[in-house]
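In the working numbering, the protein residues as written are 22 to 416. Note that CB positions come from ideal geometry on N, CA and C, so glycine has one too. So the structure is just underneath, and the comments pick up after that.
Here's what the structure looks like:
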């Protein structure tokens, strides 16, 4: 036993002591369980979520382009189902050979077919809109003719862009805009519209000859823009438009419209353009007219129409046309970005100068001249303008 005790280590001694303690506790009478303390009610504290980080404001000051926010959308123009069609068959028989003669055949022995669609204007015409311009020369004219009740004339209002060859519109020393105001008799217009209306519904097609034939393609660099829209007092509309080059492959789109414009133009020329300083009424009309035209001139060949709408905005527009200016600045910046280094300056002058001029006129803010008296380069000023003025949801 002594040898056993001598062999115990200090750890073994602790184990034996603990075993003895457990035996003593186990043999003792079980003590009654202790009474649990009365629970203390603890107030529940709701977790407060951390505030979300709001994006930094665009600018602490009011927006320098659109202090009242983006322009309100224009009312949507009503659309009407086409019901009855006006009977133009007698006039169509006269027009058919005219159109066939004007058609530039793509094949020597092809068959040209001219047909006509539906003219839904069964009531009295009360509104006529005309847009016309040429890519070469700088021209663009916007016309509106309206008739009230049973008056014997249409009231005329039109604006025209400065052309490259004529003197700019000025009133004294102040820059103005060319405006046409006047009246055209219903009789004169009805005579012309008798042919214009079916021409706006023209459909032309060329059928290839039997056998293998050699075709041809004609092309002209004299690009043009034309639109005629007629509306009756029931809200029905007959409209046709084209922007681009007169090519043989696109005759189906513009042949009837171009002949209609040839018939209508002499009547419009009864009212001459004169330089004016635009008043509030003219500005209001131009703003609505330009905003309605803008979505229709987004094609690749309509770039010069957009440029001239913006140019006239600097004379007869207001802040509502800022989005148009921003779009043109974006286009200019894209052209400069993809250009060679040696071409960037000339392209900046070409694409950015006029939109920035227009922005300064209609907003009173010119990003080319900061408040510190310095002068920004055109691309830098254009980027500043786009950042400040583009309030579209996607920006």
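Skipping 5 residues on each side, what residues in its chain have a beta carbon closer than 6 Å to that of residue i?
i: residue 166; result: 149, 175 and 177
Tell me the rounded alpha-carbon separation between residue i and residue j.
i: residue 412; j: residue 88; result: 11 Å
i: residue 191; j: residue 298; result: 8 Å
i: residue 310; j: residue 82; result: 31 Å
i: residue 109; j: residue 219; result: 7 Å
i: residue 210; j: residue 262; result: 20 Å
i: residue 392; j: residue 355; result: 27 Å
i: residue 251; j: residue 398; result: 46 Å
i: residue 90; j: residue 409; result: 12 Å
i: residue 382; j: residue 335; result: 6 Å
i: residue 365; j: residue 223; result: 45 Å
i: residue 255; j: residue 170; result: 13 Å
i: residue 285; j: residue 277; result: 12 Å
So, is residue i buried or exposed, given that buried needs 16 or more other C-beta atoms within 10 angstroms?
i: residue 401; result: exposed
i: residue 243; result: exposed
i: residue 291; result: exposed
i: residue 321; result: exposed
i: residue 124; result: buried
i: residue 86; result: buried
i: residue 139; result: exposed
i: residue 396; result: exposed
i: residue 300; result: exposed
i: residue 96; result: exposed
i: residue 152; result: buried
i: residue 384; result: buried
i: residue 115; result: exposed
i: residue 295; result: exposed
i: residue 394; result: exposed
i: residue 227; result: buried
i: residue 358; result: exposed
i: residue 314; result: buried
i: residue 362; result: exposed
i: residue 103; result: exposed
i: residue 293; result: exposed
i: residue 403; result: buried
Output needed for residue i: all residues of its chain with C-beta closer than 8 Å, excluding positions within five of it in sequence on either side, in chain order.
i: residue 55; result: Caution applies to residue 55, whose pLDDT of 48 falls short of 50 and renders its modelled position unreliable; the model cannot decide the point.
i: residue 75; result: Any reading at residue 75 must be qualified, since the residue scores a pLDDT of 41, below 50, and its modelled position is unreliable; the value itself is stated next. None.
Would you list the one or two residues that DSSP bridges to residue i?
i: residue 161; result: 154
Does the beta carbon of residue i come closer than 8 Å to any beta carbon on chain B?
i: residue 202; result: Annotation note: the requested chain B is absent from the structure, which comprises a single protein chain.
Here's a check: name, in chain order, each residue in its chain whose Cβ is nearer than 7 Å to the Cβ of residue i, leaving out the five neighbours to either side.
i: residue 317; result: 262
i: residue 106; result: 139, 140 and 141
Extract the residue ranges of the alpha helix (DSSP H) inside the region 363–399, only unbroken runs of 4 or more that lie entirely within it. For the region 363–399, whole alpha helix (DSSP H) runs of length 4 or above, ordered along the chain, are 365–384.
Mind listing, in chain order, the continuous beta strand (DSSP E) runs of no fewer than 3 residues lying wholly within the region 105–159? Entirely contained in the region 105–159, the beta strand (DSSP E) runs reaching 3 residues are, in chain order, 132–137 and 146–155.
Ignoring anything shorter than 4 residues or poking outside the region 326–359, list the alpha helix (DSSP H) runs there in chain order. Fully enclosed alpha helix (DSSP H) runs of 4 or longer: 343–358.
Contained alpha helix (DSSP H) runs [length at least 4] in the region 245–294, N- to C-terminal order: For the region 245–294, whole alpha helix (DSSP H) runs of length 4 or above, ordered along the chain, are 272–289.
Quick one: complete beta strand (DSSP E) runs, 3+ long, within the region 154–231? If one requires a minimum length of 3 residues, the beta strand (DSSP E) runs lying completely within the region 154–231 are 161–167, 174–181, 198–206 and 223–228, in chain order.
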